[in-house]
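Protein chains in written order, with UniProt numbering: chain A, 1 to 211; chain B, 1 to 211; chain C, 1 to 211; chain D, 1 to 211.
Number of protein chains: 4
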Amino acid sequence: MGSPRRDGNSAALGEAARRGADAAGTLATLLFLDDYIQGFLPDLRRAGAPADRYAELFLEHFLPADGALICTPIYWYGMSAQTKAFFDRSFTHYAGSGPEPERVMARMTGKRLGLAVASEETYPGAALGIVHQVQEYARYTHSDFVGYVHGAGNRRGEVARDPRRPLEAAEQLGREFFTRTYSDYRIETPRSRTVWESEASALASTPGVLP
Amino acid sequence: MGSPRRDGNSAALGEAARRGADAAGTLATLLFLDDYIQGFLPDLRRAGAPADRYAELFLEHFLPADGALICTPIYWYGMSAQTKAFFDRSFTHYAGSGPEPERVMARMTGKRLGLAVASEETYPGAALGIVHQVQEYARYTHSDFVGYVHGAGNRRGEVARDPRRPLEAAEQLGREFFTRTYSDYRIETPRSRTVWESEASALASTPGVLP
Amino acid sequence: MGSPRRDGNSAALGEAARRGADAAGTLATLLFLDDYIQGFLPDLRRAGAPADRYAELFLEHFLPADGALICTPIYWYGMSAQTKAFFDRSFTHYAGSGPEPERVMARMTGKRLGLAVASEETYPGAALGIVHQVQEYARYTHSDFVGYVHGAGNRRGEVARDPRRPLEAAEQLGREFFTRTYSDYRIETPRSRTVWESEASALASTPGVLP
Amino acid sequence: MGSPRRDGNSAALGEAARRGADAAGTLATLLFLDDYIQGFLPDLRRAGAPADRYAELFLEHFLPADGALICTPIYWYGMSAQTKAFFDRSFTHYAGSGPEPERVMARMTGKRLGLAVASEETYPGAALGIVHQVQEYARYTHSDFVGYVHGAGNRRGEVARDPRRPLEAAEQLGREFFTRTYSDYRIETPRSRTVWESEASALASTPGVLP
Numbered sequence: 001m002g003s004p005r006r007d008g009n010s011a012a013l014g015e016a017a018r019r020g021a022d023a024a025g026t027l028a029t030l031l032f033l034d035d036y037i038q039g040f041l042p043d044l045r046r047a048g049a050p051a052d053r054y055a056e057l058f059l060e061h062f063l064p065a066d067g068a069l070i071c072t073p074i075y076w077y078g079m080s081a082q083t084k085a086f087f088d089r090s091f092t093h094y095a096g097s098g099p100e101p102e103r104v105m106a107r108m109t110g111k112r113l114g115l116a117v118a119s120e121e122t123y124p125g126a127a128l129g130i131v132h133q134v135q136e137y138a139r140y141t142h143s144d145f146v147g148y149v150h151g152a153g154n155r156r157g158e159v160a161r162d163p164r165r166p167l168e169a170a171e172q173l174g175r176e177f178f179t180r181t182y183s184d185y186r187i188e189t190p191r192s193r194t195v196w197e198s199e200a201s202a203l204a205s206t207p208g209v210l211p
Numbered sequence: 001m002g003s004p005r006r007d008g009n010s011a012a013l014g015e016a017a018r019r020g021a022d023a024a025g026t027l028a029t030l031l032f033l034d035d036y037i038q039g040f041l042p043d044l045r046r047a048g049a050p051a052d053r054y055a056e057l058f059l060e061h062f063l064p065a066d067g068a069l070i071c072t073p074i075y076w077y078g079m080s081a082q083t084k085a086f087f088d089r090s091f092t093h094y095a096g097s098g099p100e101p102e103r104v105m106a107r108m109t110g111k112r113l114g115l116a117v118a119s120e121e122t123y124p125g126a127a128l129g130i131v132h133q134v135q136e137y138a139r140y141t142h143s144d145f146v147g148y149v150h151g152a153g154n155r156r157g158e159v160a161r162d163p164r165r166p167l168e169a170a171e172q173l174g175r176e177f178f179t180r181t182y183s184d185y186r187i188e189t190p191r192s193r194t195v196w197e198s199e200a201s202a203l204a205s206t207p208g209v210l211p
Numbered sequence: 001m002g003s004p005r006r007d008g009n010s011a012a013l014g015e016a017a018r019r020g021a022d023a024a025g026t027l028a029t030l031l032f033l034d035d036y037i038q039g040f041l042p043d044l045r046r047a048g049a050p051a052d053r054y055a056e057l058f059l060e061h062f063l064p065a066d067g068a069l070i071c072t073p074i075y076w077y078g079m080s081a082q083t084k085a086f087f088d089r090s091f092t093h094y095a096g097s098g099p100e101p102e103r104v105m106a107r108m109t110g111k112r113l114g115l116a117v118a119s120e121e122t123y124p125g126a127a128l129g130i131v132h133q134v135q136e137y138a139r140y141t142h143s144d145f146v147g148y149v150h151g152a153g154n155r156r157g158e159v160a161r162d163p164r165r166p167l168e169a170a171e172q173l174g175r176e177f178f179t180r181t182y183s184d185y186r187i188e189t190p191r192s193r194t195v196w197e198s199e200a201s202a203l204a205s206t207p208g209v210l211p
Numbered sequence: 001m002g003s004p005r006r007d008g009n010s011a012a013l014g015e016a017a018r019r020g021a022d023a024a025g026t027l028a029t030l031l032f033l034d035d036y037i038q039g040f041l042p043d044l045r046r047a048g049a050p051a052d053r054y055a056e057l058f059l060e061h062f063l064p065a066d067g068a069l070i071c072t073p074i075y076w077y078g079m080s081a082q083t084k085a086f087f088d089r090s091f092t093h094y095a096g097s098g099p100e101p102e103r104v105m106a107r108m109t110g111k112r113l114g115l116a117v118a119s120e121e122t123y124p125g126a127a128l129g130i131v132h133q134v135q136e137y138a139r140y141t142h143s144d145f146v147g148y149v150h151g152a153g154n155r156r157g158e159v160a161r162d163p164r165r166p167l168e169a170a171e172q173l174g175r176e177f178f179t180r181t182y183s184d185y186r187i188e189t190p191r192s193r194t195v196w197e198s199e200a201s202a203l204a205s206t207p208g209v210l211p
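Here you go:
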């Protein structure tokens, strides 16, 4: 939860996703970044990391998890600064060499990722920069960016009244977080002629379909 | 419909949107670009426009319409070339000066626009370029980009089996095409504290909420 | 300067831009965000703004300025969290109603903006999200986003050895910051047939040229 | 050259790049897509490919080349439809199975790519969708997207008067097309602490630097 508001609209999306995860028997925890992060990545040659609970959040919650849903309000067409700091601060744990940075980098890869954003405006272009950012992070870390939900709201909780039903979409994303098909191909990726496999045939690798 | 396939996945999204429009009593026509467009915008000083039915499509269908849903397969991370040519070729009708270009430009503005794309891959970043393009077009022409649907499929029609239910989303988009709230603010835009208005209060303009 | 490093590569870009500004007789000040910003935008109903010098930075430096060049390292495909916090925190000064928020909002508009980013990687797609974000901010505030420079470097200062010569580009941007032509049209924008005007003809409004 | 105009601004950028390639002793050919491509990718089950010279362009020029610079005007915030068709039509040559599609796919990979665009407007966000598209194509085909040049102009050739000097940048890109450092990392990519290597140390792989 990258919003400073506990009862805001991005928090409502996160809560809905957790309901979905619960329904699917997935263990999910809702954490507010503001409880763990109080400052920015400093120049580590001149200063230490801020005296907050980031290490606990990153090492004990994020790294062991199989996936993470990033929930953030859209502030000025980007994720909130606290959400951004969550990413920036990870540097202190994987920088340098040795077994610990190696362990951290290994644990940063292969997760499932999702993104839920809330904004006052409804236009689809508002979140392009954030989607791009999470997609690039997913590629860099060999993670699967399995779902994206955008809801609109300003007053606390009114995302529930968005007729595009983002709460429902968030709940569905939570439910299917670890079962959704994900694909991001390269030219040589073996693939089936059918994206959604039914009974058979799925293994017939047929490159040569339009990406 | 910007797909060369009559029974492809982007066509299925378009068909679903039309069902939604029908249900809402909205008059909607499904047109395949391939029936109207056979070539590219040429250098008009050296050659005339291709001898095809683009003028009919643009002048008799697009310009009089109150809105348009653009349906296209994602080919190489962009809209199909025929879909792109639909935009490029409009130049022949608004270029120059005089009452006809002026009429055309006036009729190009103020529409409602939607985008439905189908791709083989599921990753959310695949369509960023297309969404950006339609958003910019919407701004340039003072149009409202009211909805975006992304479904995955490769074999004809299998978008119906995408568990994210894009056909349902397309149908909903068709139904609400002319009633959805749309917002894309500037700093001075008067706005309500609530995005989704209920009974009262909606007129209280309160700038100073985060964009 | 959104980098925690005083002698880093984005700082070098900012320094080069200042040299350019100096050469053009433009008064420019280099400010490090880390000297002014220590925390995030909180939920203002539950907590006050962090006890730092943000108000001084925003009210005494940013608001009176005619333009701002945002310099940031690319961290995880976005601007640094401190740079993002610069934008987020502005909310505390324009929120609500009354003459002060109105004055702030009025002073936020109409500036010239630039962006200089440094990254370890060279691929052009790395900064797409940041460019999008600054472009949207520019539109929302009716500002002119007059230039963008991307340099590569990792070790402190080695951006100077990037063969694409970003320091030169940054210096040029600083020099021309307030004289560069800027355009971001809408369909009705009157325009000349020539983008770069020489002596005459510039006023001949000829809509109907391809955007 | 994706512009219908032989003497247009994107053509001028391409010509400048060729001068640079010549200066570096690189064999480069300028080809106008309009000479080779007359139509769109059809539904290959219902119709054959257009009767034009695309096969010659793709098989005899593009596939054997070590790199390609894509030059296109920005039409409606995307590449021209003829440029897009260049990509779409490749499907006819790699679709299906057998030695020929395999040979084609193998030859599509590992090239160096560049992008030069010309637009009437100067705002940096105009080309975001095209840059994204080429970057994704580069990744899918394991190609190196080594450079991007954006110039502004409307009247034929006036890009030469753009004070940002895009012709110079295009010439430089042509000169360095096959020598520029290119990087697009994943978390495990071995890397040096210095991006721009001088004499020594380059082999010291130090993961743990911020991406």
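Built from N, CA and C at the ideal position, the CB exists for glycine as well.
Under 8 Å from the C-beta of residue i: neighbouring residues of chain C
i: Phe145(D); result: Tyr123, Pro124, Gly125
The beta strand (DSSP E) enclosing residue i, as first and last residue numbers
i: Ala118(A); result: 112-119
Beta-carbon neighbours of residue i, restricted to chain B and to distances below 7 Å
i: Thr109(C); result: Ile187
i: Leu128(D); result: His132
i: Gly67(D); result: Going along chain B, no residue has its Cβ under 7 Å from Gly67(D), so there is no contact; the nearest lies around 18 Å.
i: Cys136(D); result: The displayed chain sequence assigns Glu, not Cys, to residue 136(D). Here the neighbours are Tyr77.
Three-state secondary structure (DSSP) of residue i
i: Val195(C); result: coil
i: Pro73(D); result: strand
i: Phe177(B); result: coil
i: His142(D); result: coil
i: residue 294(B); result: Only positions 1 to 211 of chain B appear in this structure, which leaves residue 294(B) out of reach.
i: Ala204(D); result: Low confidence applies here, because Ala204(D) scores a pLDDT of 35, under 50, leaving its location unreliable and the question unanswered by this model.
i: Tyr182(C); result: coil
i: Leu210(D); result: Interpretation of Leu210(D) is limited by its pLDDT of 43, a score under 50 that renders its predicted location unreliable; no figure is taken from the coordinates.
i: Gly67(B); result: strand
i: Asp7(C); result: coil
i: Ala169(B); result: helix
i: Ala51(B); result: coil
i: Gly129(A); result: helix
Proximal residues of chain A, C-beta to C-beta of residue i below 9 Å
i: Pro163(B); result: Gln172, Glu176, Thr179, Arg180, Thr181, Trp196
Residue i: contacting residues in chain A (beta-carbon distance under 8 Å)
i: Tyr140(D); result: Tyr185, Arg186, Ile187, Pro211
Start and end residues, alpha helix (DSSP H) containing residue i
i: Gly157(D); result: Element bounds for Gly157(D): n/a, residue is neither H nor E.
i: Ala81(A); result: 81-89
i: Pro101(C); result: 99-108
Whether residue i touches residue j by CB criterion (9 Å)
i: Leu115(D); j: Val131(C); result: no
i: Ala170(B); j: Gly151(B); result: yes
i: Pro166(A); j: Leu13(A); result: yes
i: Tyr36(A); j: Leu57(A); result: yes
i: Phe87(C); j: Pro124(D); result: no
i: Thr72(D); j: Ser143(D); result: no
i: Arg155(D); j: Thr194(C); result: yes
i: Ala49(B); j: Leu113(B); result: no
i: Arg175(A); j: Ala21(A); result: yes
Neighbour flag for residue i against chain G, beta carbons, 9 Å
i: Arg6(A); result: Of the protein chains in the structure, A, B, C and D, none is chain G.
Chain D contact residues for residue i, given Cβ-Cβ distances below 9 Å
i: Arg193(C); result: Asn154, Arg155
Per-residue contacts from residue i into chain A (C-beta, under 7 Å)
i: Tyr148(B); result: Pro124
i: Glu158(B); result: Thr194, Val195, Trp196
Partner residues on chain C for residue i, Cβ-Cβ distance less than 7 Å
i: Pro190(A); result: Near Pro190(A) there are no residues of chain C at all, since even the closest Cβ is about 26 Å away, more than 7 Å.
Interface residues of chain C facing residue i [CB-CB closer than 9 Å]
i: Gln38(D); result: By Cβ distance, chain C contributes nothing, its closest Cβ being about 21 Å from Gln38(D), past 9 Å.
Within chain B, partners of residue i - CB distance below 9 Å
i: Leu41(D); result: Pro4, Tyr75, Ser80, Ala81, Gln82
Could you run through the region 80-103 of chain C and flag, in chain order, every residue whose CB is less than 7 Å away from some CB of chain A? Those would be Ser80, Ala81, Gln82, Lys84, Ala85, Phe87, Asp88, in chain order.
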